[in-house]
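*Asks:* Going by our numbering, the first residue of the sequence shown is number -12, and it counts up by one from there.
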Amino acid sequence: MAVFPLPVSIGLRAGILTGLVWLNLPARAAVENFVPPAGWRAAPELAAGFPAGALRALIHERPSGTAPARRVVAVLWDPGSPAVALRPVLAPAARTVSQLAAQETRRVFAALNGGYFGGNQSFSLVVAAGQVLSPNIRQLSRPLQGVNTNYFPTRAAWGLDAAGRPAAHWVYSVGTGSGVLTAYDEPSPNRLNAPPAPVPGAEFPASARPWPAAYAIGGSPMLVRDGVVRVTDAEELIEVNNSSRRPRSAIGHLASGLVVFVAAEGDQPGGPPGLTLVELAELLRDFGCLAAINLDGGGSTTLLTGGAPAVRPGDGAERPVVSALLLVDAAGSGPVQGPPMLRQEPWALRLAPGGAGWLQAGAEGGGLGYQWSRDGERIAGATTAALRVEAAAVGASARYAVTVSNARGLATSAAVPVTVGPGAPGELVNLSVRAAAGAGEDQLVAGLAVRGASVRLLARAVGPGLEPFGVPGVLTDPALELRAAGGALLAANDDWPVALTATAAAAGAFPLAPGSRDAGLVAAMEPGTFLLSCPLPATALPGEALLEVYALTSGVGALANLSTRARLAPRGVLTAGFVIRGEQALTILVRAVGPSLRVFGVGEAVAAPRLVLAGATGVLAENQGWASAPNAGALRDAAARVGAFPVSGMAADAALLVTLPPGAYTAALAPTGEGGGVGLIEVYEVR
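#1: Name the DSSP bridge partner or partners of residue 239?
#2: Jot down the residue ranges of each uninterrupted beta strand (DSSP E) in the stretch 349 to 389, minimum 3 residues, whole runs only, in chain order.
#3: For residue 269, I'd like the list of residues in its chain whose CB is within less than 7 Å of its CB, leaving aside the five on either flank, ordered along the chain.
#4: Residue 341 and residue 571 - do their beta-carbons sit closer together than 8 Å?
#5: Can you tell me whether DSSP reads residue 428 as helix, strand or coil?
#6: Please name the residue, chosen from 291, 294, 49, that lies closest to residue 259 on a Cα-to-Cα basis.
#7: Can you list, in chain order, the residues of its chain with a C-beta nearer than 7 Å to that of residue 361? Leave out the 5 residues immediately preceding and following it.
#8: Given this structure, state the Cα-to-Cα distance separating residue 297 from residue 79, to the nearest angstrom.
#9: For a test of the three-state rule: what should DSSP assign to residue 610, helix, strand or coil?
#10: Can you give the Cα-Cα distance for residue 494 and residue 539, rounded to whole angstroms?
#11: In its own chain, which residues sit with a C-beta less than 8 Å from the C-beta of residue 645, not counting the 5 before and 5 after it?
#12: Give me the DSSP bridge partner(s) of residue 203.
#13: On a Cα-Cα basis, can you pick out the residue from 315, 497, 498, 593 that is closest to residue 41?
#14: Mapping DSSP to helix, strand and coil, what is residue 19?
#15: Using the three-state DSSP reduction, which class does residue 491 fall into: helix, strand or coil?
#16: Leaving out five residues on either side along the sequence, give the residues of the same chain with a beta carbon under 6 Å from the beta carbon of residue 666.
#17: Mapping the DSSP letters down to three states, classify residue 469 as helix, strand or coil.
#18: Do residue 503 and residue 559 have their C-beta atoms closer together than 8 Å?
#19: State the DSSP-derived secondary structure class of residue 172, mapped to helix, strand or coil.
#20: Go through its chain and collect everything with a Cβ distance to residue 647's Cβ below 7 Å, but skip five positions before and after it.
#21: Look at residue 487 and residue 532 and say whether their C-beta atoms are less than 8 Å apart.
#22: Answer with buried or exposed for residue 194, where buried requires no fewer than 16 other C-beta atoms within 10 angstroms of its C-beta.
#23: In three-state terms, what does DSSP make of residue 316?
#24: Examine the Cβ distances between the stretch 272 to 280 and the stretch 140 to 147 and report whether three or more of them are shorter than 8 Å.
#25: Between which two residues does the beta strand (DSSP E) containing residue 481 stretch?
#26: Determine, for residue 282, whether the minimum Cβ-Cβ distance to residues of chain D falls below 8 Å.
#27: Would you please state the rounded distance, in angstroms, between the beta carbons of residue 310 and residue 113? I believe it to be under 8 Å.
#28: Going by DSSP, what residue range makes up the alpha helix (DSSP H) through residue 643?
#29: By how many angstroms is the C-alpha of residue 46 removed from the C-alpha of residue 28?
#30: What did DSSP end up calling residue 485 once you bin it into helix, strand or coil?
#31: Taking C-beta to C-beta, are residue 389 and residue 359 nearer than 8 Å?
#32: Quick one: what's got a C-beta closer than 7 Å to residue 177's C-beta in the same chain, skipping five residues either side?
#33: Taking the alpha helix (DSSP H) that residue 684 falls in, what are its first and last residues?
#34: In terms of residues, what are the limits of the beta strand (DSSP E) holding residue 155?
#35: Check each candidate in 24, 25, 54, 97 and name the one with the smallest Cα separation from residue 35.
#36: Alpha carbon to alpha carbon, how far is residue 605 from residue 617?
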């Protein structure tokens, strides 16, 4: 059966990014049910005006005369509450936290100082609504054998992704603006008086992966990670009186998803001296933190509750800072998220023995969490929207389902079977692309690849043949050229050859009228890459056209890739279609590239493409920003394996890595917002 890439209803929604986030994290213990650890007590005197169920103040005290005295205040926040929103702020010039809170138009329930700075310049990460307002410091100069030497440290950062999942990682400096951080599970192994480690990147330190933080704050050093004290001041090259007792501030999260702001009072004559970094880390671990980072302490330490300082300033008065975290009244600032709603449920798969595939789901709602099950049993660690399934042996089968939850409810998919058995492997048999075809730089050109062995192909360029499907503004007289990757012309046609009518019908292509001004040709292709184009004279009017190719033979040779670049008008759509034949599922990589085209000299690229994959039952998956995909690491590896050019983790290109049963599918690239530009859509088989 042929695939005809009919227009896909993208359903783009307009919106405005703000510095606010409403989050509904799943399976979270409510703040009022939190049992304070030994040495802590509830502090209602610090919680005036706190919305019930959203915020809670606690205090840890050792009175003067007890060695050493302590006074530590914590504000516990439930991001699942629609009453309170998080707002990271970066000031153009140093201001006290009280001044930053006073400038906020909404009521501020609590505020905490941010990361490091000098003068009016931030040296630590600040991310709000997916925008990097301030990067971490890029390099430091330290003496090495009497010579000032540049070091490139990773620094601790804490944040939330767009789904509301909290995390703490080591990160390196990135530019400002729209971008995705690279996160590391270990810090770069720098040490004073030792040669500097290499500049961090995609390969170093190990375990690098994209971290699409929507809201984040940087500091240094890491204090707690995976529930264990992990103070990495040496690796992060941070000297903040680490072993002295000083005022301290920190942010972290519990395994339940609750977030905690912490400030330790210090430098008080006759009162609490403060905490060392290790003491602060141990306190946070005992509080129940899964991860936590140190912020700019000392005289910068400030925690406001109800508009008043909850800890006495170490300098006697608030110190001006350049960044802060505010917890503000969310009323009237955005929609209250409801319970999750499954938009795309997982589908059944048949895998080859020893093979593997991906199950996926999509849902609407705030702060979504995922939990996959196999035959009704929870799968440990299977907590993202995508699940990799390994096919062990012939006859092995199981039924998989996913439960999506947030603080307001849950939704569970139907259980779908994944079976393992012999059969014809899945392979691409038909590839097509529909877009506006013009002259010169706007010529419609598709690249395709053949693998394995020689394949006999039918190629068509359809313009007038689209009119019966209600497509407006079609190209009236398309021509068709097939060229080798180097440009040599292999075959060409202008006007549909009637002799190919039976061949097209046998391939499953929709019929073209006898004498049609569409074009077509048949060619035997050896393994390699080729170009299929629809050339127009300079004086010809542009129009909508369909380029398609069908494999007429089956066996060891097959189609492996289709890609095309086209210029999209505002609200335009670039659509690719493909058909999988066989008895087993096939893993497919689909990419919608815009920003990364700029490295190839494309100045008018689509700024933020959205990718939507649809099948016979409707939309199956979608993505905007490939690094936010639940299997982004595997997606990046698959792109390298099939030979796709790399895209930056900071780029807003879109991509999907999916395993699909035999059938017909459509992938659509659409710009977000009102803009257009040049976009590239690619389809690869992944083996």
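Backbone N, C-alpha and C define an ideal beta-carbon position, used for all residues, glycine too. Just so it is clear, the structure is predicted and the values come from calculations on it, not from any experiment.
*Replies:* Concretely, from the data shown:
#1: On the sequence shown, position 252 is the one that residue 239 refers to. Residue 239 pairs with 247, 279.
#2: 349 to 351, 356 to 361, 373 to 377
#3: For the purposes of this step, residue 269 is identified with residue 282 of the sequence shown, where counting begins at 1. For residue 269, where only same-chain residues beyond five positions count, the Cβ hits under 7 Å are 216.
#4: Within the sequence shown, numbered from 1, the residue matching residue 571 stands at position 584. Within the sequence shown, numbered from 1, the residue matching residue 341 stands at position 354. Not a contact, by the Cβ cut-off of 8 Å.
#5: Here residue 428 refers to the residue found at position 441 of the sequence shown. Looking at residue 428 - three-state DSSP - the assignment turns out to be helix.
#6: Stepping through the sequence shown from its first residue, residue 259 is reached at position 272. Of the candidates 291, 294, 49, the one whose C-alpha sits nearest the C-alpha of residue 259 is 49.
#7: Translated into the one-based positions of the sequence shown, residue 361 becomes position 374. Answer for residue 361: 385, 387, listed in chain order.
#8: The residue given as residue 297 occupies position 310 in the sequence shown. The residue given as residue 79 occupies position 92 in the sequence shown. Approximately 25 Å between the Cα atoms of the pair.
#9: Within the sequence shown, residue 610 is the residue found at index 623, counting from 1. Correct three-state label for residue 610: strand.
#10: One-based indexing of the sequence shown puts residue 494 at position 507. One-based indexing of the sequence shown puts residue 539 at position 552. Roughly 6 Å between the two C-alpha positions.
#11: To locate residue 645, count along the sequence shown from 1; it is residue 658. Taken in chain order, the residues that qualify are 345, 347, 574, 575, 577, 600, 607, 608.
#12: Stepping through the sequence shown from its first residue, residue 203 is reached at position 216. Residue 203 is bridged to 114, 146.
#13: Here residue 41 is taken as the residue at index 54 of the sequence shown, counted from 1. Closest by alpha carbon: 315.
#14: Sequence index remark: in the sequence shown, residue 19 carries index 32 (1-based). Residue 19: helix per DSSP, three-state reduction.
#15: As a working mapping, residue 491 is identified with position 504 in the sequence shown. Here residue 491 sits in helix by DSSP.
#16: As a position in the sequence shown, residue 666 is number 679, starting the count at 1. Taken in chain order, the residues that qualify are 555, 561, 581, 593, 596, 656.
#17: Here residue 469 refers to the residue found at position 482 of the sequence shown. It is a strand residue.
#18: Your numbering for residue 503 matches position 516 in the sequence shown. Your numbering for residue 559 matches position 572 in the sequence shown. No, the Cβ-Cβ distance between residue 503 and residue 559 is not below 8 Å.
#19: Within the sequence shown, the letter at position 185 stands for residue 172. Reduced to three states, the DSSP call for residue 172 is coil.
#20: Stepping through the sequence shown from its first residue, residue 647 is reached at position 660. Once the five neighbours on either side are set aside, the close Cβ partners of residue 647 are 567, 572, 573, 575.
#21: Mapped onto the sequence shown, residue 487 falls at position 500. Mapped onto the sequence shown, residue 532 falls at position 545. For residue 487 and residue 532, no; Cβs fall outside 8 Å.
#22: Counting from one through the sequence shown, the residue named residue 194 turns up at place 207. So residue 194 ends up on the exposed side.
#23: For the purposes of this step, residue 316 is taken as the residue at position 329 of the sequence shown. Here residue 316 sits in strand by DSSP.
#24: yes
#25: Here the question's residue 481 lines up with position 494 in the sequence shown. Here the beta strand (DSSP E) through residue 481 covers 476 to 481.
#26: The structure shown contains no chain D, having only a single protein chain.
#27: Taking the sequence shown and counting its residues from 1, one reaches residue 310 at position 323. Taking the sequence shown and counting its residues from 1, one reaches residue 113 at position 126. Right, the Cβ-Cβ distance comes to about 5 Å (below 8 Å), so this counts as a contact.
#28: For this step, residue 643 is matched to residue 656 along the sequence shown. First-last for residue 643: 641 to 647, but that is the beta strand (DSSP E), not the alpha helix (DSSP H).
#29: Counting from one through the sequence shown, the residue named residue 28 turns up at place 41. Counting from one through the sequence shown, the residue named residue 46 turns up at place 59. Distance between the alpha carbons of residue 28 and residue 46: 6 Å.
#30: Here residue 485 is taken as the residue at index 498 of the sequence shown, counted from 1. In the structure shown, residue 485 sits in a helix (DSSP, three-state: H, G or I).
#31: The residue given as residue 389 occupies position 402 in the sequence shown. The residue given as residue 359 occupies position 372 in the sequence shown. Yes, the pair counts as a contact, with Cβ atoms nearer than the cut-off.
#32: Here residue 177 corresponds to residue number 190 of the sequence shown, with the count starting at 1. Correct list, in chain order: 138, 140, 183, 184, 222, 224.
#33: The structure shown does not extend to residue 684, since the chain spans only -12 to 674, so no value can be given for it.
#34: Residue 155 sits at position 168 when you count from the first residue of the sequence shown. First-last of the beta strand (DSSP E) with residue 155: 153 to 158.
#35: Locating residue 35 in the sequence shown gives position 48, counting from the first residue. Per the Cα distances, 97.
#36: As a first step, residue 605 is located in the sequence shown; it is residue number 618 there, counting from the start. As a first step, residue 617 is located in the sequence shown; it is residue number 630 there, counting from the start. Roughly 21 Å between the two C-alpha positions.
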